[in-house]
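In the working numbering, the protein residues as written are 4 to 398. Here the structure comes first, spelled out in structure tokens, and everything after it is commentary.
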Ligand code: CMC
């Protein structure tokens with residue numbers, strides 16, 4: 004054993020600088036490039052926030068128009084990606100689907116780059132790749148949900164902005180303004196959150212000089228877990244289990260007695276409430292009114308107040324976003340892929356930031372396995388013995 008201090012889960016460890024976002028749990032604030040996220044959610048389209056994360060400034064009208072034109076040009080599901088999705092079993096989890104699809108996009112885009120040293124790309128190439136992924140992911144999410152429902156692909160509409168087109172491709176009808184607005188807000192709130200597990204994963208992969216697509220694929224894998232992005236899906240499973248607000252107290256008694264984690268509550272950084280929740284809860288309120296579903300609000304508020312009263316642990320963003328996506332008509336399994344479509348903007352901004360100031364991320368570990376031992380009868384030759392006697396740490 005060792006007396007080295009181990010920071011399990013890297014809790015409380017600051018590993019690098021970032022200029023992309025600032026999470027302040029003391030003031031309960033989240034800034035993207037200096038702007039409070041609730042101000043961005045109330046005033047900007049998601050495309051403008053993507054631009055902000057990548058470039059550091061909000062776009063002017065011309066810059067926004069240029070980004071929108073590129074985004075529209077890459078919206079359609081390309082045949083190789085559709086074929087790859089179609090090869091997956093219908094029961095494949097949509098997170099596995101979108102992870103596979105992102106991988107195919109990368110393989111197709113980098114197909115002519117034979118040398119692994121060149122795949123890392125220039126800053127301009129990586130910005131292009133970021134925009135391409137940002138543009139391509141909604142069709143993958145939408146097609147996945149439609150495929151599972153036995154519905155045909157809906158091609159994108161050039162006359163709709165990002166959020167409205169995303170809903171169009173998913174449901175094959177124009178969404179009401181209030182729904183588009185709530186969806187746009189959710190995308191902005193999910194876009195970025197400093198060194199969370201998936202973003203850190205993307206930065207670790209990038210630090211090896213691997214390419215942007217590989218980093219995004221790895222990040223999708225990290226986001227799938229229910230301690231991270233998978234929680235928005237898990238919240239709806241809990242809602243389904245509980246049924247109605249009347250059942251909350253008894254359900255919670257049992258769940259806590261069984262030491263279950265209640266999904267959608269708690270956060271590694273925020274201990275007094277997640278800064279994004281009030282904005283997403285307000286969006287949920289508009290949807291509850293729009294769809295006339297007070298029962299959803301009753302279940303939401305009862306579970307929240309009972310859980311906070313018992314444990315003093317507050318909701319995170321996944322708590323209001325789960326029921327909001329449900330009301331919009333998304334299948335429960337589609338929720339975390341929606342998170343991917345939003346967070347790809349933050350991931351790619353971090354990938355480019357890591358590339359601009361790279362150091363291989365390679366922490367140390369403290370060994371606590373068996374003491375050194377030897378294979379009986381093994382006699383090393385002289386060269387191996389020489390190397391073994393060099394006083395250098397193993398890799
Ligand atoms: N339900 C029940 N108990 C909880 C919960 C919860 N949701 N969250 C924390 N606790 C308890 C936990 O059991 C532990 O108790 P004890 O000290 O008695 O063992 C204590 O609080 C500390 O929890 P922890 O898991 O060690 O703390 P952490 O900082 O590692 O937890 C967390 C952060 C997000 C992993 C955890 O709160 C959790 O598992 N929440 C549920 C999953 C969830 O909603 N995840 C989404 C996170 S926010 C969006 C995102 O990043 O994707």
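Beta carbons are placed, not taken as given, at the ideal position from N, Cα and C, and that holds for glycine.
For residue i, list the residues DSSP reports as bridge partners.
i, result
"residue 318", "268"
"residue 34", "25 and 39"
Can you tell me the Cα-Cα spacing of residue i and residue j, whole angstroms?
i, j, result
"residue 133", "residue 247", "42 Å"
"residue 112", "residue 370", "41 Å"
"residue 202", "residue 196", "8 Å"
"residue 224", "residue 217", "11 Å"
"residue 15", "residue 272", "9 Å"
"residue 229", "residue 184", "27 Å"
"residue 306", "residue 256", "12 Å"
"residue 322", "residue 169", "22 Å"
"residue 95", "residue 378", "44 Å"
"residue 40", "residue 389", "59 Å"
"residue 320", "residue 269", "10 Å"
"residue 244", "residue 354", "39 Å"
"residue 8", "residue 297", "50 Å"
"residue 33", "residue 288", "22 Å"
"residue 87", "residue 239", "28 Å"
Just verifying my parser: in three-state terms, what is the DSSP assignment at residue i?
i, result
"residue 235", "helix"
"residue 297", "helix"
"residue 250", "helix"
"residue 39", "strand"
"residue 17", "coil"
"residue 398", "At residue 398 the pLDDT is 48, less than 50, meaning the model places this residue with poor confidence and gives no usable figure here."
"residue 382", "coil"
"residue 323", "helix"
"residue 80", "coil"
"residue 196", "coil"
"residue 226", "helix"
"residue 273", "coil"
"residue 349", "helix"
"residue 262", "coil"
"residue 172", "helix"
Counting only beta-carbon atoms, is residue i nearer than 8 Å to chain D?
i, result
"residue 161", "As a matter of chain content, chain D is missing from the structure shown, which is built from one protein chain."
Let me confirm a value: residue i is counted as buried when at least 16 other C-beta atoms fall within 10 Å, else exposed. Which label applies?
i, result
"residue 212", "exposed"
"residue 93", "exposed"
"residue 6", "exposed"
"residue 158", "exposed"
"residue 399", "There is no way to answer for residue 399, as the model of the chain reaches only from 4 to 398."
"residue 346", "buried"
"residue 383", "exposed"
"residue 219", "buried"
Going along the chain, which residues of its own chain have a beta-carbon closer than 7 Å to the beta-carbon of residue i, five neighbours each way excluded?
i, result
"residue 207", "364"
"residue 10", "16"
"residue 343", "101, 140, 223 and 226"
"residue 309", "251, 252 and 255"
"residue 163", "171"
Return the chain-ordered list of same chain residues with a C-beta closer than 6 Å to the C-beta of residue i, the five sequence neighbours on each side being excluded.
i, result
"residue 62", "51 and 54"
"residue 47", "none"
"residue 204", "221, 222 and 225"
Using a Cβ-Cβ cut-off of 8 Å (strictly less than) and excluding sequence neighbours within five positions of residue i, which residues of its own chain qualify?
i, result
"residue 35", "23, 24, 43, 52, 55, 56, 194 and 195"
"residue 186", "166, 169, 170, 178 and 331"
"residue 189", "283, 286, 324, 327, 328, 341 and 345"
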